[in-house]
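Note sheet for the following structure.
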Amino acid sequence: MKVRFILATLFLVSVLGFGQNQKVGLVLSGGGADGLAHIGLLKALEENNIPVDYITGSSMGALIGSMYASGYTPEQLETLFTSNEYQLMSQGIVAEEFQFFLPQNEPTPSLINVKFSKDSLFKAVLPTNLISPVAIDFEVMKYLGPAAAAAHYNFDSLMIPFRCVASDIADKKQVVFENGSLFKAVRASMAYPFYLKPIRVNEKLLFDGGLYNNFPVNVMCESFQTDFIIGSKVANNNPEPDEEDVLSQIKSMMMGRTDFNIKCAPGIIIEPKVNNGVFEFEKAQEIIDSGYVAAYRNIDELKAKITTRIDSAQMAQKRATFHKKNPDILIDDLDIRDLKSKEKEYVKNSFHDLTRNGTLTLPELENDYYRLNTDPFIKSALPDLCYNYDDSSYTFEVDIQKESEFEVSFGGNFASRSVSHGFIGAKYNYMSRIGFQPQATFHFGRLYDAIHGDINLYTPGRIPFYLKPHITLHRFNYFESGYTSILSDERPSYIVLREIYAGLEGAVSIGNRGKLYADGGYFKMIDDYYQTKDFNAVDTADVSIQEGWYSKIGYLQNNLNDPHYPTKGKKIGLSVQYLQGNEYQEPGTTALFDNKLKEEHKWFIARFQFENYFFSKRRFRIGWMTDIAYSSQDLLQNYTATIARAPAFQPTVDSKTLFMESFRALQYGAGGLKILYKISDNWHIRAEGYLFQPYKEITKNTTTRKAELGKAWESQYTIGSVTGVYKSPIGPIGLSFNYYDNIPEVAREDDNPFRILFNFGYLIFNDKVTD
């Protein structure tokens, strides 16, 4: 009887003890954007005082789990992942205040860039990621770095013990992280193939944990003594590969099959009703709510099986106790990896505040880090924080991957009219104490031919600057570019504008967003043209030549998100240019006078351009632009020579292909409104309307064919355009319907004011010497 009593007592104690000391593990699957449902689950658990004692996660589950284990509340996670800042990060977009403009190369018509390694010129280095990881890397490091330091880099000492998994595709196995850099562990677990770049940890190249274990319940059972497991599952194994579907075959080869069952302990699997795309983070709130609802569908069962409770006050105290251990971020040293000594000096110059002050605060570090990642000689810079317990400061570790030495670009534009052209570019990158980057570009087509070369000598530092010797030879052949099909018969060109100019440009950074630049050098402009529409194949063209020297100073700021069809951002350009030289005139058969002329000219050109997309609501966006030009250029020897070199207003893609006489003047003000309607992420329609107001219109004297100036403010001209745009993975596709209130005097186009243009690719030309 006594033995029975003792055994019964022990049984009751064990049962009661189990109920009071139940250890609950939480397993969070991968699943891309659908993984945000884990936040809703955590929110529901806390509202019902259900504790979480251990966490394991994979991919997005690793990110959510690590942040919760580091003391962030479900509400903080919800606020972060539904914010505009995170939406930008998920698309690889750096916040506007950290976009560094100075080192960015001028836009080109490039569609495909192929980079080559130094060891083998025949080994192409293709992109491994669709989005830039720069913003995600820094933000995740910022959120997890102090918690890792507080835990002494032991994941068991986080507020909640934590594990995550990544995939070693070389050895074809999972890698479980239990200590070390929390940021790198989570970043490796998130490296979804072709979306986020893989990283090296302990000399191993690691990918997304979901490749081999997308529901790490086995890691939970092997790492922790759990009494009950909650699984949050938003992923499934891939279906059997389809013999006609290459992508399904690649997925099957890359990804192992995950066991989504809980076998090692009592448990429950909660499956939110989500089935979004891997990258559809714009549905963040909807996805989080799905996790919350799914948790409440199972909340009674959870309460019945988990008897331990932790109330909100206890949870808040637990967080506060852990947060007190988090050391503030103050950096006093840099650890630059994978570079030679001179290359390290170059990178150190990017962190000028550390060199000047001996320490870096987080805002200073953030600014310098983003500047580093826009450097033309840096391909990637993986950051990390390492805490020094002796002096209570951090070392900023940055794993640098240099930009490939060689880059070849291919592109251009295919159009429904005779404005198509091809493009080839070549570039060499060399980094030492300064950056050295020579490049050459080639355009070839009926409308536009060009050869351009320059050498970018770039120096980072407190005030980054570059010097750039350059030379450009190009030709605009306006051969009935308004209507002529690419298959039409050849006829004489009515106007050809050729230029050669060479100079030295220098620029310094003005904050992050702008640059102040100066340029100067030699120019020669050669224009072939007819002075009337009535010419034929036996006629010879007039030739006007202007040759001399130019100098220019200006300010430029540009963060438009596309050079062709921008939908957001701002561009500001202000420049003043002085030119002096001689004009030479060689008359052709359509000239009224056959004497050769020479005349000296001195003039300046001032120009202000502004474009801004300032209003956005739902699917609509509104932008506007203005262009103001003032040239003191003399009237040249005839009307055509004058109009050819007058400043031109060309606000649309189509207008850049046309010699529109009515939209050229020595002094003018112009502007317009743009209304955009977003159909989807890649499709939009844009309607644009512009007014061009010349101060005094350049007109043609029908008797002498000389240029004359009309009355002040007498004439106005308008442009209207409606364009459907699809932004393909390679380049934009546009179909535009255009209206021009144009009255040509020498252009071969008839007076029909309407133009249609279909184009694929970019119609981007080198600047003219007077631009």
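Counting with full-length UniProt numbering, you get residues 1 to 771 for the letters of the sequence shown.
Every residue gets a Cβ at the ideal spot worked out from N, C-alpha and C, and that includes glycine.
| field | With 16 other Cβ atoms within 10 Å as the buried cut-off, status of D338 | value | Along the sequence shown, read from residue 1 onward, the residue named residue 338 stands at position 338. Looking at its Cβ environment, which holds fewer than 16 other Cβ atoms inside 10 Å, D338 is exposed.
| Nearest to A507 (by Cα), restricted to the options V538, P460, R498 and K533 | For this step, residue 507 is matched to residue 507 along the sequence shown. Of the candidates V538, P460, R498 and K533, the one whose C-alpha sits nearest the C-alpha of A507 is P460.
| task | In the DSSP assignment, find the unbroken beta strand (DSSP E) run with R187 in it and report its ends. | result | Within the sequence shown, numbered from 1, the residue matching residue 187 stands at position 187. R187 -> not in any beta strand (DSSP E); alpha helix (DSSP H) instead, spanning L182 to S189.
| field | At least three beta-carbon pairs within less than 8 Å, the stretch 85-94 to the stretch 158-176 | value | no
| query | How should H152 be labelled, buried or exposed, when 16 other C-beta atoms within 10 angstroms of its C-beta is the threshold for buried? | reply | The count along the sequence shown starts at 1 and reaches residue 152 at position 152. Exposed is the call here.
| query | By DSSP, does Q609 sit in helix, in strand, or in coil? | reply | Translated into positions along the sequence shown, residue 609 becomes position 609. If DSSP states are grouped into helix, strand and coil, Q609 belongs with the strands.
| Helix or strand or just coil, what does DSSP make of D245? | Residue numbering aside, residue 245 sits at position 245 when the sequence shown is read from its first letter. Annotation note: pLDDT 47 at D245 (below 50); position unreliable, no value reported.
| query | Is the distance from the Cβ of F758 to the Cβ of Y739 below 9 Å? | reply | The count along the sequence shown starts at 1 and reaches residue 758 at position 758. The count along the sequence shown starts at 1 and reaches residue 739 at position 739. No, the Cβ-Cβ distance between F758 and Y739 is not below 9 Å.
| request: Pull up the DSSP beta-bridge partners for W683, would you. | output: Against the sequence shown, residue 683 aligns to sequence position 683. Its beta-bridge partners are Y726.
| Across which residues does DSSP place K552 in a beta bridge pair? | Taking the sequence shown and counting its residues from 1, the one referred to as residue 552 is at position 552. According to DSSP, which records beta bridges pairwise, K552 is partnered with D519 and Q577.
| Residues bridged to M431 (per DSSP) | Numbered from its first residue, the sequence shown carries residue 431 at position 431. According to DSSP, which records beta bridges pairwise, M431 is partnered with G435.
| said: Assuming M625 is part of the beta strand (DSSP E), what are its boundary residues? | reply: By 1-based counting over the sequence shown, the position of residue 625 is 625. Looking at the DSSP string, the run of the beta strand (DSSP E) that includes M625 is F620 to S631.
| query | In three-state DSSP terms, what is Y292? | reply | Reading the sequence shown from its first residue, position 292 is the one you call residue 292. Here Y292 sits in helix by DSSP.
| task | Using only alpha-carbon positions, find the residue among C386, P327, S380 and S393 that is nearest to T359. | result | Within the sequence shown, the letter at position 359 stands for residue 359. When each option's Cα is compared against that of T359, the closest is S393.
| said: Can you confirm whether the stretch 77-88 touches the stretch 343-357 when touching is taken to mean that 3 or more C-beta pairs between the two stretches lie within less than 8 Å? | reply: no
| query | My guess is that I230 and L26 are in contact by the Cβ rule of under 8 Å, so how many angstroms apart are they, rounded? | reply | Here residue 230 corresponds to residue number 230 of the sequence shown, with the count starting at 1. Here residue 26 corresponds to residue number 26 of the sequence shown, with the count starting at 1. At roughly 5 Å, the Cβ-Cβ gap stays under 8 Å, so I230 and L26 are in contact.
| said: Just verifying my parser: in three-state terms, what is the DSSP assignment at A170? | reply: In the sequence shown, residue 170 corresponds to position 170, counting from 1. Three-state DSSP puts A170 in coil, outside helix and strand.
| From W713 to Y695, what does the alpha carbon distance come to, in whole angstroms? | In the sequence shown, residue 713 corresponds to position 713, counting from 1. In the sequence shown, residue 695 corresponds to position 695, counting from 1. Distance between the alpha carbons of W713 and Y695: 5 Å.
| Taking Cβ positions, are Q401 and L372 nearer each other than 9 Å? | The residue given as residue 401 occupies position 401 in the sequence shown. The residue given as residue 372 occupies position 372 in the sequence shown. No, Cβ-Cβ distance for Q401 and L372 is not below 9 Å.
| request: Run the CB neighbour count on F615, radius 10 Å, all protein chains shown included, and call it buried at 16 or more, exposed below. | output: In the sequence shown, residue 615 corresponds to position 615, counting from 1. F615 should be labelled exposed.
| query | To the nearest angstrom, how far is it from the Cα of I698 to the Cα of K342? | reply | Locating residue 698 in the sequence shown gives position 698, counting from the first residue. Locating residue 342 in the sequence shown gives position 342, counting from the first residue. Cα to Cα, I698 sits roughly 57 Å from K342.
| In the DSSP assignment, what residue or residues form a beta bridge with Q693? | By one-based count along the sequence shown, residue 693 stands at place 693. Answer by DSSP bridge pairing, in chain order: G669.
| message | My assumption, with CB atoms under 8 Å, is that S509 sits in contact with I463. Please give the rounded CB distance. | response | As a working note, residue 509 is residue 509 in the sequence shown. As a working note, residue 463 is residue 463 in the sequence shown. Yes, S509 and I463 are in contact; Cβ-Cβ is about 6 Å, under 8 Å.
| field | Ranges of the alpha helix (DSSP H) found wholly within the stretch 272-354, counting only runs of at least 4 | value | 284-297, 299-305, 312-323 and 341-350
| Rounded separation between F414 and G671 - CA only | Here the question's residue 414 lines up with position 414 in the sequence shown. Here the question's residue 671 lines up with position 671 in the sequence shown. F414 and G671: Cα-Cα distance of roughly 29 Å.
| Touching or not, the stretch 146-160 and the stretch 101-114, by the rule of three or more beta carbon pairs under 8 Å? | no
| task | Measure from the alpha carbon of Q609 to the alpha carbon of each residue in T626, K602, Q437 and F620, then state which is nearest. | result | Position 609 of the sequence shown, counted from the first residue, corresponds to residue 609. Ranking the options by Cα distance to Q609, first place goes to T626.
| field | C-alpha distance - S631 paired with R498, whole-angstrom precision | value | Against the sequence shown, residue 631 aligns to sequence position 631. Against the sequence shown, residue 498 aligns to sequence position 498. Roughly 20 Å separates the two Cα atoms.
| Out of curiosity, what's the CA-to-CA distance linking A304 and D53? | In the sequence shown, residue 304 corresponds to position 304, counting from 1. In the sequence shown, residue 53 corresponds to position 53, counting from 1. Roughly 18 Å separates the two Cα atoms.
| query | What are the uninterrupted segments assigned as beta strand (DSSP E) that are 3 or more residues long and contained completely in the stretch 53-85, given in chain order? | reply | 54-58
| request: Apply the 10 Å Cβ neighbour rule to S728 and answer buried if 16 or more other Cβ atoms are within range, or exposed otherwise. | output: Position 728 of the sequence shown, counted from the first residue, corresponds to residue 728. So S728 ends up on the exposed side.
| message | Which residue marks the beginning of the beta strand (DSSP E) containing I510, and which one marks its end? | response | For this step, residue 510 is matched to residue 510 along the sequence shown. Looking at the DSSP string, the run of the beta strand (DSSP E) that includes I510 is I495 to I510.
| Just curious, the beta strand (DSSP E) that F414 is in, first and last residue? | Counted from its first residue, the sequence shown places residue 414 at position 414. Segment F406 to A415, the beta strand (DSSP E) holding F414.
| Excluding sequence positions up to five away, which residues of its chain have a Cβ less than 6 Å from the Cβ of G422? | Within the sequence shown, the letter at position 422 stands for residue 422. So the qualifying residues of the chain are G412 and F444.
| request: Determine the DSSP secondary structure at A381, reduced to helix, strand or coil. | output: As a working mapping, residue 381 is identified with position 381 in the sequence shown. Residue state, collapsed to three classes: strand.
| 9 Å Cβ cutoff met for E599 and E611 | As a first step, residue 599 must be located in the sequence shown, where it is residue number 599. As a first step, residue 611 must be located in the sequence shown, where it is residue number 611. In this structure, E611 does not lie closer than 9 Å to E599 by Cβ.
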